[in-house]
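**Student:** Handing you a structure now.
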Amino acid sequence: MRPGHLGRAGIALLLGLAFLLGGLAGQPALAQMPQLTYGSATVDGQIGEWNLSTDRYAAMYPNGDASQGTTGDLYLRYNCANQTMYALVLLAEGVTGLAQPNDAWVALETVGNVVVDGNTAGNFAWVGVGFDGNSGHVQGYEAAFPVTPNQQVIQHLIAQIQTLSGVPSSTERNGDSGVVRIKPRCPVGNLQVTKTVDWNGFPPDATQSFEICITGPAYPNGNCQSIGPDGGILSWNNIAVGTYTITETDAGTAWTTVISGSPATVTAGATANASVANTHDAFSP
């Protein structure tokens, strides 16, 4: 092939690339996610713990329409320890919110999937109630709701509050370029439990099984695995860092159980170890 001469294959390749790039150019660009801050907040209507610079995550607009100008701001913080997202909605100066519980909410992915609203006791509080002398007027709200870390990106978070103008203030609803996207990322590690079984001269029972459970940040309600009569190694991988308690479900009166290394502390990128030893009562022929 002569220098500078592409040939049919080269031309076909260029045409294919041009078609692909042209198709991508016609798609709306996804906005980069802002930097999410990490920490906790107290949902009590007092905003002193919030940093209105670093915690700011997105602007809010009339009916979520960015072309109509900003009417407020959404602030976010994520707590890896309890896997909770904290949100603060603050309306802009000159914009008055209405303390209407059904019209103040946060939804994920779709408007219908409301995860917290003004009726959610303990996880919602109005901010600036009666700031202008009218007890029905507010400046915003605080809210908290669960979000699992290290999962797929939540492509659409919508926060809304009704205003005195009759037009709600909300994060952008339409168009891929401005919608609020989140993905909490938390450090993870591993926990390995070595299970040993001493039959103490007793003929092993092939149907015997043992259940080992851990309770901690990744599994506040516990998570259990079973293992057979010979023991072995049980692993919990890529779990949230923190302290975990290891327990064994009662194996019966014939067994003595000794657990070592509990509680175990899981740290980022490392493997914590614990052991569970079971010894059977001595065999009497």
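Okay, so the sequence shown: first residue is 1486 according to this note's numbering, each after it adds one.
Idealized CB from N, CA, C, for every residue including glycine.
(1) Which word fits Ile-1718, buried or exposed, when buried means at least 16 other C-beta atoms lie within 10 angstroms of its C-beta?
(2) State yes or no: is the C-beta of Arg-1658 within less than 9 Å of the C-beta of Val-1596?
(3) According to DSSP, is Gln-1710 part of a helix, a strand, or is it coil?
(4) Would you call Ala-1739 buried or exposed, if buried means 16 or more other Cβ atoms sit within 10 Å of its Cβ?
(5) Do Thr-1581 and Gln-1624 come within 9 Å of each other at the CB atom, strictly closer than that value?
(6) Return the first residue and the last residue of the beta strand (DSSP E) that Val-1682 is part of.
(7) If you run the structure through DSSP and keep just helix, strand and coil, what is Ser-1720?
(8) Check whether the Cβ atoms of Ala-1592 and Val-1574 sit closer than 9 Å, and answer yes or no.
(9) In angstroms, rounded to a whole number, what distance separates the CA positions of Pro-1714 and Ile-1731?
(10) What first and last residue would you give for the beta strand (DSSP E) that runs through Ile-1532?
(11) DSSP three-state label for Ala-1753, please.
(12) By how many angstroms is the C-alpha of Gln-1585 removed from the C-alpha of Pro-1547?
(13) Could you tell me which residues DSSP puts in a beta bridge with His-1765?
(14) What are the boundary residues of the beta strand (DSSP E) that Gly-1557 is part of?
(15) Tell me, please, which residues DSSP counts as bridged to Gly-1625.
(16) Using a 10 Å radius around the Cβ and a threshold of 16 neighbouring Cβ atoms, would you call Gly-1511 buried or exposed?
(17) Can you give me the Cβ contacts of Pro-1653 inside the same chain, cut-off strictly under 7 Å, excluding the 5 residues immediately before and after it?
(18) Rounded to whole angstroms, how far is the Cβ of Ala-1755 from the Cβ of Gly-1674, which I believe are closer than 8 Å?
(19) To the nearest angstrom, how far is the alpha carbon of Trp-1721 from that of Gly-1603?
(20) Excluding the five sequence neighbours on either side, which residues of its own chain have a C-beta within less than 6 Å of the C-beta of Gly-1672, listed in chain order?
**Tutor:** On the basis of the coordinates in this document:
(1) exposed
(2) yes
(3) strand
(4) exposed
(5) yes
(6) 1673-1683
(7) strand
(8) no
(9) 19 Å
(10) It is not in any beta strand (DSSP E) - Ile-1532 carries neither H nor E in the DSSP assignment.
(11) coil
(12) 17 Å
(13) Trp-1740
(14) 1557-1564
(15) Leu-1575, Val-1612
(16) Residue placement at Gly-1511 cannot be trusted, given a pLDDT of 39 that sits under 50; what the coordinates show is reported in the next sentence. By the neighbour-count rule (16 or more Cβ atoms within 10 Å), Gly-1511 is not buried but exposed.
(17) Asn-1548, Asp-1588, Gln-1645, Ile-1646, Gln-1647
(18) 5 Å
(19) 38 Å
(20) Note that residue 1672 corresponds to Pro in the displayed sequence, not to Gly. If we look at Pro-1672 and ignore the five residues flanking it on each side, its Cβ neighbours are Val-1726, Ala-1753.
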